Amino acid sequence: MERRRLGRKGEEIPVIGLGTWGIGGYSTADHSSDGRAVEAIRYAVELGMTHIDTAEIYGAGHSEELVGQAIRVFDRDSLFIATKVWNTHLRYDDVIRSCRRSLERLGLRYVDLYMVHWPNPRIPLSETMRAMEKLVKDGLTRYIGVSNFDARLLGEAMQALKSEEIVSNQVEYSLSSRYVERELIPFCERNGVTVVAYTPLGRGRIVDEAHRGTVRGRVLAEIAGRYGRTPAQIALNWVVWREGVVTIPKAASRRHLEENAGAAGWRLSLEDYRRLSDAWS
Ligand SMILES: NC(=O)c1ccc[n+]([C@@H]2O[C@H](COP(=O)([O-])OP(=O)(O)OC[C@H]3O[C@@H](n4cnc5c(N)ncnc54)[C@H](OP(=O)(O)O)[C@@H]3O)[C@@H](O)[C@H]2O)c1
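Counting in this note's numbering, the sequence shown runs from 892 upward without gaps.
Laid out in structure tokens, this is it:
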């Protein structure tokens, strides 16, 4: 699996990771496919998608439990486990408590990346960031990240940190969701903050368009045919075309996992990148 530098750190993470929103439930815990979920997460790791993204809110904690169950058979050092604190838990004590609870559910002593899931204007960022630094100091997370932060707020979070850096900002980015291209991605590129693209397949809708043959879907399908790749692989390769971007598609089936793992390690030509960008703008 192709890897990219995380923030300004020496560490490299896989270009394609695994998202887990819906694995173990959405807003409540769903235990109905635990066995299949654990199998899927393990297969993702075997395919090199060792960056696993979860959150305390996913499946009301059950997603973290399943990730924990799945990863215990692997060497901890080979994994990059990321989770997030919900935005009602951004007071100092709440951040620390949430992180400890996530670690318990994951069965880990530390996570690699701990993120603020969404900003909360009612809680000072400086207080939240003070707690995030304490977590690093105590060895509960290796890195600090944010999610759904615009450029202004990201700048504020960077300023609020005293001894650590924000290594990443997780935001929605795909062929069909381009809002972050204007200001946020250039800001992250200038400041050495990795963009972790979520919903990179538009929850599957982008691939559907290629199959249904919409105007822009046909461009995607034509390029896929020429490269001998699937539309999903082209859509993901487009997302990570810029050096500072990695992504975390969610997949539960073996076929999807294999396809997604094969979306890196090669590159769309500049001409095809631009054609797709224009067709889907
Ligand atoms: N920070 C945030 O606020 C935030 C918000 C949303 C998402 N996220 C993170 O980002 C991850 C990914 O985003 P997402 O789950 O919203 O959407 P996504 O990754 O764009 O799409 C997932 C959907 O696409 C399907 N799929 C996966 N691979 C495919 C392929 N190769 N071909 C066709 N369909 C494919 C999956 O089906 P199967 O499951 O059946 O394989 C699933 O239905 C989440 O799981 C979560 O970890 C973060």
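Even glycine gets a Cβ: it sits at the ideal position worked out from N, Cα and C. Predicted, not measured: the structure shown is a model, and the values here were computed from it.
- Going by C-alpha positions, T941 is about 11 Å away from D966.
- With respect to R896, V906 sits apart: the two C-beta atoms are not nearer than 8 Å.
- Distances from the CA of V958 to each of T911, G1153, L1026, E1063 were compared; the closest alpha carbon is that of T911.
- In the DSSP assignment, E903 forms a beta bridge with R896.
- In this structure the segment 1150-1166 does not lie against the segment 918-932, because fewer than three pairs of beta carbons, one per stretch, are closer than 8 Å.
- In this structure, W1129 keeps its C-beta atom at 8 Å or more from the C-beta atom of Y1089.
- A Cβ-Cβ contact shorter than 8 Å links L909 with I943.
- Taking C-beta atoms as the reference points, F971 and D1003 count as a pair closer than 8 Å.
- In this structure, the straight-line span from the alpha carbon of L1044 to that of T979 is close to 17 Å.
- Nearest neighbour of Y934 by Cα position, chosen from K1141, C990, E1162, turns out to be K1141.
- Scanning its chain for C-beta atoms nearer than 7 Å, with the 5 sequence neighbours on each side dropped, one finds around R996 the residues G952, E955, E956, G959, in chain order.
- Nearest to L1167 by alpha-carbon distance, out of S1059, R1107, A1101, R1133, is R1107.
- Spanning the alpha carbons of P1122 and V1086 requires a straight line of approximately 22 Å.
- At least one heavy atom of ligand 1 is found less than 7 Å from the C-beta of V1098.
- With respect to the 8 Å criterion, S1065 and I1035 are not classified as neighbours on the basis of their beta carbons.
- Within the same chain, Cβ atoms closer than 7 Å to the Cβ of V1037 are found at M1006, V1007, L1045, A1048, I1057, N1060, the five residues on either side in sequence being excluded.
- Straight-line spacing of the CA atoms in D985 and C1079 works out to 28 Å.
- When beta bridges are read from the DSSP output, H942 appears opposite F971.
- In this structure, Y1118 has its CB at a distance of at least 7 Å from all heavy atoms of ligand 1.
- For D1169, the three-state secondary structure derived from DSSP is helix.
- A1112: member of the alpha helix (DSSP H) spanning 1106-1118, first to last residue.
- Within 10 angstroms of the beta-carbon of E1072 lie fewer than 16 other beta-carbons, which makes it exposed.
- Around the beta carbon of R1033, 16 or more other beta carbons lie within 10 angstroms, which makes this residue buried.
- Burial check for S989: the Cβ neighbour count within 10 Å reaches 16 or more, so the residue is buried.
- Looking at the DSSP output, G910 bridges to D944, K1141.
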